[in-house]
Amino acid sequence: MANPAPAPIEVDQPVADPTAEADLPWIVLVWNDPINLMSYVAFVLQKLFGYPKEKADRLMMQVHTEGRAVVANGPRETCELHVFRLHEHGLWATMQHDT
Numbered sequence: 012m013a014n015p016a017p018a019p020i021e022v023d024q025p026v027a028d029p030t031a032e033a034d035l036p037w038i039v040l041v042w043n044d045p046i047n048l049m050s051y052v053a054f055v056l057q058k059l060f061g062y063p064k065e066k067a068d069r070l071m072m073q074v075h076t077e078g079r080a081v082v083a084n085g086p087r088e089t090c091e092l093h094v095f096r097l098h099e100h101g102l103w104a105t106m107q108h109d110t
């Protein structure tokens, strides 16, 4: 006697959640403050991100003249670490989704 064939199983197709946001890249912003010297800000950017002096100076001048500069980008966890390290060096830094 032959074994009967199993009944077909109906499987619903996954439906994308329309309310879920894509995890866009994050950016790290350094903000101008009245405490730190411009040379110190450039030094910290060189030390933490390995930027050449010219790039660190350009970002520092952007912070000074425009009030802020994007100094890094990437996944959320990486940006959280960058912000933490910038805070450890006394700089005012935040992160946000890149728009």
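Taken in order, the sequence shown gives residues 12 to 110; the numbers are from our numbering. C-beta: ideal position from N, C-alpha, C; glycine also. Remember, it's a predicted structure, so these values are computed and weren't measured experimentally.
Do residue j and residue i have their beta-carbon atoms positioned less than 8 Å apart in this structure?
i: W42; j: H108; result: no
i: L70; j: L48; result: no
i: V52; j: V74; result: yes
i: E91; j: M106; result: yes
i: F60; j: A83; result: yes
Determine the DSSP secondary structure at residue i, reduced to helix, strand or coil.
i: T105; result: strand
i: A83; result: strand
i: V41; result: strand
i: T76; result: helix
For residue i, count neighbouring Cβ atoms within 10 angstroms of its own Cβ and tell me buried if that reaches 16, exposed if not.
i: A80; result: buried
i: V39; result: buried
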